[in-house]
Amino acid sequence: MNLFPFDQVRPEQNKLVDDIASVVKEGKALIAHAPTGLGKTAAALTPALEYALENDKTIFFLTSRNTQHTQIIETLREIHKKHKIIAVDFIGKKGMCPKMLQYDTRSINFIEFCNNQRKERACKLFTSTIDKNEATKAAENFVAGLIEEGPLNVEEVVDKSKNHFCAYEISMLMAQQANVIIADYYHLFSPKVRKFFLSKIKKDLSKAIVIVDEAHNLPDRIRNLLTNKTNTLILSKMANDVKKNVLDDLDITLKDISNRIRMFGENALGSKNEAKIRKEDFIEMVETASETKYDEFIEALETLCNEIEDPDDEDAVTRFVEFLRSWRGTEEGFVRILKRDHTKGGRSFTSIEYNCLHPGGLAQKVFDAVHSSILMSGTLTPTEMYRDVLGLDKQTILKMYSDPFPKKNRLVLVSSNITTKYEERTDQMFKRIAASCAYIINNVKGNSAIFFSSYDILSKTLFYLNDIAEKDLFIEKKGMTKAERSQLLTDFKMNLIKGGGVIIGVQGANFSEGIDLPGDLLRAVAIVGVPFAPPDLRQKAIIEYYEANFGNGWAYGYIFPAMNRALQAAGRCIRSKDDRGVIAFLDKRFSWSKYAHVIPPDWNAQVTDFFGDKIQNFFEKSL
92 MNLFPFDQVR PEQNKLVDDI ASVVKEGKAL IAHAPTGLGK TAAALTPALE
142 YALENDKTIF FLTSRNTQHT QIIETLREIH KKHKIIAVDF IGKKGMCPKM
192 LQYDTRSINF IEFCNNQRKE RACKLFTSTI DKNEATKAAE NFVAGLIEEG
242 PLNVEEVVDK SKNHFCAYEI SMLMAQQANV IIADYYHLFS PKVRKFFLSK
292 IKKDLSKAIV IVDEAHNLPD RIRNLLTNKT NTLILSKMAN DVKKNVLDDL
342 DITLKDISNR IRMFGENALG SKNEAKIRKE DFIEMVETAS ETKYDEFIEA
392 LETLCNEIED PDDEDAVTRF VEFLRSWRGT EEGFVRILKR DHTKGGRSFT
442 SIEYNCLHPG GLAQKVFDAV HSSILMSGTL TPTEMYRDVL GLDKQTILKM
492 YSDPFPKKNR LVLVSSNITT KYEERTDQMF KRIAASCAYI INNVKGNSAI
542 FFSSYDILSK TLFYLNDIAE KDLFIEKKGM TKAERSQLLT DFKMNLIKGG
592 GVIIGVQGAN FSEGIDLPGD LLRAVAIVGV PFAPPDLRQK AIIEYYEANF
642 GNGWAYGYIF PAMNRALQAA GRCIRSKDDR GVIAFLDKRF SWSKYAHVIP
692 PDWNAQVTDF FGDKIQNFFE KSL
């Protein structure tokens, strides 16, 4: 069986195909650093599907962003021309419901809304799809028709279903027959969601081949899934909200817990903004305030949820119950932190957090259970770090694939006289950074991008850059809405007819990872500073954990994640074999060995104190 969807397999792509074929056959795991342009999607799906179809396995293709689903579906459509396959595309349940267009989704708890609609049989779309926990005959016929059409993206399923059936339930029914299921990370890596999801689609992890795309995002996504927090503002608001719903003294208890957290914080924090807190300290606060045992209080809250009429209030209490249960959790791989925070208006409040440090504890359970797993990204370096951090065993295959694009199309420079190191952040340094950025902007024809290590560095550089940049600047601001970001990007692209502009953002934020600007849409990228995570208690605890368990805490917890954020931003420049562009790392630390060895060796980075002649010569060669 040969399912490769295109006429030719590129040499480096063929290596990936062969490696994945071997891995799925042997039931192993592969971590693949595979640069942009290699053709990862087709290279992963082809051998995995060939094995799955012959051995009764299901492929779960997991992504971190909905925008990545389109390419997967398009590849599956090409494969479908060679062999009939069944594929289903999932996003969040809320995004698949046409009813949500009728409501202000910011002020409605969708899950509660949906559950109530189902319970009361008030949703015609649901009742026409499911009756007594079984698919209706009409729904079964509709699913059969969709399957005959071949792989469909989620928007198509929603559109075809919207007047007759629940698109979410229809997709669940399709998934029961599917060879390929496209979903988000949380569908398998959230313990609660995974259990429900697999039960609903009648699939077993032991028969699963899991492909994780953009796998460099997986550690932080799992940390976020396993981290729980609450604060005094939430508890005080909850107390006021539930007062009108229940006759119990819950509001008094919640206010008391909030006050105890605040007072404990005042004593424990002093002049600091954060401190570690013991499990027993918070349990004692709850037991004193509620005048009952901790677990009995949780049970009482769950009972009271049934008496709360307002779905939003019920959801708030449910989330607090989840926090209380998580607080009982293990010490291993977690840290408990008390923080002093402030609202935008300057109001002080106290947060209490149960933070996940090591995602490997959860990830290992998934990877051990599945038949085979493939983790791939253009920035999975060093591969052994991802193996360790995600709890994969030592038998995991680690592979680095070469960049498929012509080396002559990329000029990579590292500045030797610029840094954003804290002790060297002077006005003179920011002027120097601005001057280097301006040189690139003003001398590279077309569009450029500048990605800073933080909004603070961005702001201080912009103070000088505004006066010397000869092109329009399109600046990503903190807290921009999706619509605002989309409009900014559209304006930036349209500006090319005026000679080009500059998109300015922060490494690790939306524009540094979530956009594709091929061809002349981006001719140069400047990476200003190393985007280290803030050195707070949580980050220090991560470093300590990895030092204790892998002897590599500083690298695993601090340097390598920052370098991968920088490389993701740098990767916006060259997105196809015909693209030509300059990547400039504006921080001398990128030339230091512990940082430089993460930069792909085939980038041939040159360290220099002046970019001028090198950039000019590079573009003259392309004329």
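Residue numbering for the sequence shown follows the working numbering, starting at 92 and increasing by one per position.
The beta carbon of each residue, even a glycine, is placed where N, CA and C say it ideally should be.
Residue 122: member of the beta strand (DSSP E) spanning 120-124, first to last residue. When the alpha-carbon of residue 657 is set against those of 712, 669 and 686, the nearest one is in 686. It is roughly 20 angstroms from the alpha-carbon of residue 478 to the alpha-carbon of residue 108. Contact between residue 537 and residue 591 holds: their C-beta atoms lie close to 4 angstroms from each other, under 8 angstroms. DSSP places residue 433 in the strand class (E or B) of the three-state scheme. For residue 364, the three-state secondary structure derived from DSSP is coil.
The C-alpha of residue 437 is placed about 47 angstroms away from the C-alpha of residue 667. When DSSP states are grouped into helix, strand and coil, residue 447 belongs to the strand group. Here residue 698 is exposed: its Cβ has fewer than 16 other Cβ atoms, across all protein chains shown, within 10 Å. Counting along the chain, the unbroken beta strand (DSSP E) around residue 151 starts and ends at 149-154. Boundaries of the alpha helix (DSSP H) around residue 132: 131-146. The C-alpha of residue 244 is placed about 10 angstroms away from the C-alpha of residue 162. Considered as a whole, the segment 527-587 harbours 546-559 and 573-585 as its complete alpha helix (DSSP H) runs of no fewer than 4 residues, in chain order.
The beta carbons of residue 410 and residue 472 sit no closer together than 9 angstroms.
Excluding the 5 residues flanking it on each side, residue 541 has same chain C-beta neighbours closer than 7 angstroms at 528, 593, 595, 617 and 619, in chain order. Using a Cβ distance threshold of 9 angstroms, residue 524 and residue 300 do not count as a contacting pair.
The alpha helix (DSSP H) runs of length 4 or more contained entirely in the segment 254-334 are, from start to end of the chain, 258-266, 277-280, 282-292, 309-317 and 323-334.
In the structure shown, residue 702 adopts coil according to DSSP, grouped into three states. With the rule of 3 Cβ pairs closer than 8 angstroms, the segment 489-501 does not count as touching the segment 545-553. Of 224, 423 and 251, the smallest CA-CA separation from residue 291 is found for 224.
Contact annotation: the segment 301-315 touches the segment 446-458, with at least three C-beta pairs closer than 8 angstroms. Secondary structure at residue 409: helix, using DSSP grouped into helix, strand and coil.
Bridge partners of residue 676 according to DSSP: 505 and 618. Closest in alpha carbon position to residue 457, among 469, 434 and 484, is 484. The criterion of a C-beta distance shorter than 9 angstroms is not satisfied by residue 548 and residue 526.
In this structure, the alpha-carbon of residue 662 lies about 30 angstroms from that of residue 636.
Less than 9 angstroms separates the beta-carbon of residue 503 from that of residue 673.
Residue 424 is classed as buried because its beta carbon has at least 16 other beta carbons within 10 Å across all chains shown.
In the DSSP assignment, residue 461 falls outside any beta strand (DSSP E), carrying neither H nor E.
The closest CA to that of residue 379, considering only 391, 351 and 395, is found on 351. The three-state reading of DSSP puts residue 590 in coil, since its state is none of H, G, I, E or B. Of the residues 534, 117 and 564, the one whose Cα lies closest to the Cα of residue 707 is 534. By the criterion of a C-beta distance shorter than 8 angstroms, residue 217 is surrounded in its chain by 208, 209, 257 and 260, once the five residues flanking it on both sides are discounted. In the three-state reduction of the DSSP assignment, residue 99 falls in the coil class, being assigned neither a helical nor a strand state.
Boundaries of the alpha helix (DSSP H) around residue 634: 628-641. Looking at the DSSP output, residue 427 sits in a beta bridge with 445.
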